[in-house]
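Numbering (the working numbering), first residue to last: 47 to 517.
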């Protein structure tokens, strides 16, 4: 009797368990109403789960009406649905909006970031404009890993040297620049506010698109464009600042200069220099070629200044311009209608040189005009059949620089090594036609040293480097 009761109770429990379970059928589609095969359907909190078939359909047995089904798939947003009294469930999976949906410029178009496997660096135009640099490539210094960017020299508008993944050749290691699908030698002609984004392709895969020219890497530049569905926008970006030398080289004054040279003479076992004779009576060229002993008068003028406590001329300090100005202004207009997308901009940059800015008006000036349009000429209900457009950039530059080459063509080097005895200016009408009002050389001290300020002025004051670029 007892055995019968136990069997009956066991059967009742099995019946209750079977009764509690609930079968759920369903189908899973994406936002385009296409089935999603291979999607995981799990009963939350359990190991009970199934996978959708090729048509996106599934069948699963759940414990009861309080069960929750979890729908998950790579690249799609996970969803949870309580079963309740439902036996048929239809689910629409949404794409997961993350970095995988960002677009990356690749080749002559764009690609979803999820599909790009190469070693890329992407820098937005906003980040570039925030740094207020003369050229866009300078803004990438320190924020583009694997990309070495150095300025050619310290002169305004000197441009940059870019090396990707190190020096790969003893020849030209410059990368290939592509601006809106067109090859360029550099991007110095662009204003930073005109750039939408810069992509740097660093790996060898870029050669599959651009060939051997991409051996040193590729820098892809996309300029700003209008956006469909957005009304016309006018934006202004500008800044103004001053530049100063962070640390000036320390040089000897006149008394220190004489002391050091005399010490060297004594160490060699020779007598100290007779500085008065060298300075006052050493200018034989002027005395022999011009009446009135001009050389002696000039030397006496210098010697008298030294005797009265004059420290001499700090040539480096005389070349430096304090608070050298730098300013940039740009205006951009962009917009779109049903059949046309447009973006245009005008920018102006003016950077004064810290070295030579007061003497030769050294500096860099750049004006840029840009026009990008895209127009639909013919279309049907679903597609644009014929589309035309252009990417036009005009750049006008003026650059007045100083000598910044090796020690034989370097104005700053001349300022450091020139003796401090010469004053910067010496007003004597008989000599002004030769010296432009600047003091001449002290031949008795060093026949080969000339006034470095006068040399800079004579070399560069009347010469502007000018250029016009159309792309």
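Glycine included, every Cβ here is placed at the ideal spot set by N, Cα and C.
Small disclaimer: the values here were computed from a predicted structure and weren't measured.
Which first and last residues belong to the beta strand (DSSP E) in which residue i is found?
| i | result |
| --- | --- |
| residue 416 | 409-425 |
| residue 505 | That residue, residue 505, is in no beta strand (DSSP E); its alpha helix (DSSP H) goes 498-506. |
| residue 245 | 241-247 |
| residue 222 | 222-225 |
| residue 382 | 370-382 |
Please report the straight-line C-alpha distance between residue i and residue j, rounded to a whole angstrom.
| i | j | result |
| --- | --- | --- |
| residue 292 | residue 177 | 19 Å |
| residue 436 | residue 204 | 29 Å |
| residue 236 | residue 428 | 36 Å |
| residue 395 | residue 180 | 8 Å |
| residue 466 | residue 286 | 36 Å |
| residue 506 | residue 393 | 27 Å |
| residue 319 | residue 303 | 12 Å |
| residue 124 | residue 115 | 11 Å |
| residue 330 | residue 515 | 52 Å |
| residue 131 | residue 88 | 18 Å |
| residue 366 | residue 400 | 6 Å |
| residue 453 | residue 281 | 46 Å |
| residue 317 | residue 311 | 6 Å |
| residue 68 | residue 134 | 11 Å |
| residue 315 | residue 334 | 34 Å |
| residue 85 | residue 102 | 8 Å |
| residue 284 | residue 229 | 28 Å |
| residue 120 | residue 97 | 13 Å |
| residue 499 | residue 358 | 14 Å |
| residue 81 | residue 213 | 51 Å |
| residue 363 | residue 294 | 8 Å |
| residue 341 | residue 231 | 53 Å |
| residue 277 | residue 77 | 28 Å |
| residue 398 | residue 409 | 4 Å |
| residue 518 | residue 193 | This structure does not reach residue 518, given that the chain is present from 47 up to 517, and the question cannot be answered. |
| residue 353 | residue 296 | 23 Å |
| residue 200 | residue 188 | 18 Å |
| residue 462 | residue 325 | 20 Å |
| residue 494 | residue 305 | 21 Å |
| residue 249 | residue 374 | 35 Å |
| residue 267 | residue 202 | 23 Å |
Within its chain, find whatever has a CB closer than 7 Å to the CB of residue i; leave out the 5 residues flanking it on each side and keep chain order.
| i | result |
| --- | --- |
| residue 496 | 487 |
| residue 122 | 139, 140, 141 and 142 |
| residue 432 | 423 and 424 |
| residue 456 | 449 and 450 |
| residue 264 | 221, 222, 224, 247, 252 and 256 |
| residue 190 | 167, 169 and 246 |
| residue 434 | 421 and 423 |
| residue 492 | 465 |
| residue 198 | 204, 205, 206 and 207 |
Can you find the residues in the same chain that come closer than 8 Å, C-beta to C-beta, to residue i, ignoring five residues on each side of it along the sequence?
| i | result |
| --- | --- |
| residue 174 | 182, 185, 186, 238, 241 and 244 |
| residue 369 | 288, 289 and 290 |
| residue 307 | 319 |
| residue 127 | 114, 115, 117, 135 and 137 |
| residue 458 | 362, 365, 401, 448 and 450 |
| residue 100 | 81 and 83 |
| residue 473 | 483 |
For the putative contact between residue i and residue j, defined by C-beta atoms under 8 Å, what is the C-beta separation to the nearest angstrom?
| i | j | result |
| --- | --- | --- |
| residue 129 | residue 113 | 5 Å |
| residue 356 | residue 322 | The pair is not a contact, with the Cβ atoms about 14 Å apart (cut-off 8 Å). |
| residue 71 | residue 105 | 5 Å |
| residue 502 | residue 405 | 6 Å |
| residue 262 | residue 210 | 6 Å |
Where does the unbroken alpha helix (DSSP H) through residue i begin, and where does it stop?
| i | result |
| --- | --- |
| residue 447 | Here residue 447 belongs to no alpha helix (DSSP H), and DSSP marks it neither H nor E. |
| residue 330 | 330-335 |
| residue 120 | Counting along the chain, residue 120 falls outside any alpha helix (DSSP H), and DSSP gives it neither H nor E. |
| residue 340 | 340-353 |
| residue 400 | Segment: none, residue 400 is in no alpha helix (DSSP H) and carries neither H nor E. |
| residue 229 | Careful: residue 229 lies outside any alpha helix (DSSP H), inside the beta strand (DSSP E) at 228-230. |
| residue 323 | 321-326 |
| residue 265 | First-last for residue 265: 264-269, but that is the beta strand (DSSP E), not the alpha helix (DSSP H). |
| residue 460 | 457-463 |
| residue 364 | 361-365 |
Among the residues of its own chain, which have a CB less than 6 Å from the CB of residue i, if the five just before and after it don't count?
| i | result |
| --- | --- |
| residue 226 | 269 and 437 |
| residue 377 | 282 and 392 |
| residue 380 | 272, 279 and 389 |
| residue 328 | 489 and 490 |
| residue 332 | 340 and 341 |
| residue 403 | 367 and 370 |
Measuring from the CB of residue i, is there a heavy atom of the ligand GDP at a distance below 6 Å?
| i | result |
| --- | --- |
| residue 411 | In the structure shown, the ligand GDP is absent, as is every other ligand, since no ligand is present at all. |
Can you check the region 274-304 for any beta strand (DSSP E) of at least 3 residues that lies completely inside it and give the ranges in chain order? Qualifying beta strand (DSSP E) stretches, in chain order: 279-289.
Where are the beta strand (DSSP E) runs, 3 residues long or more, that stay fully inside the region 65-140, in chain order? 68-76, 86-89, 95-97, 103-108, 114-118, 125-128 and 134-139
Along the chain, which unbroken stretches of the beta strand (DSSP E) at least 3 residues long are found entirely within the region 164-210? 166-170, 193-197 and 206-210
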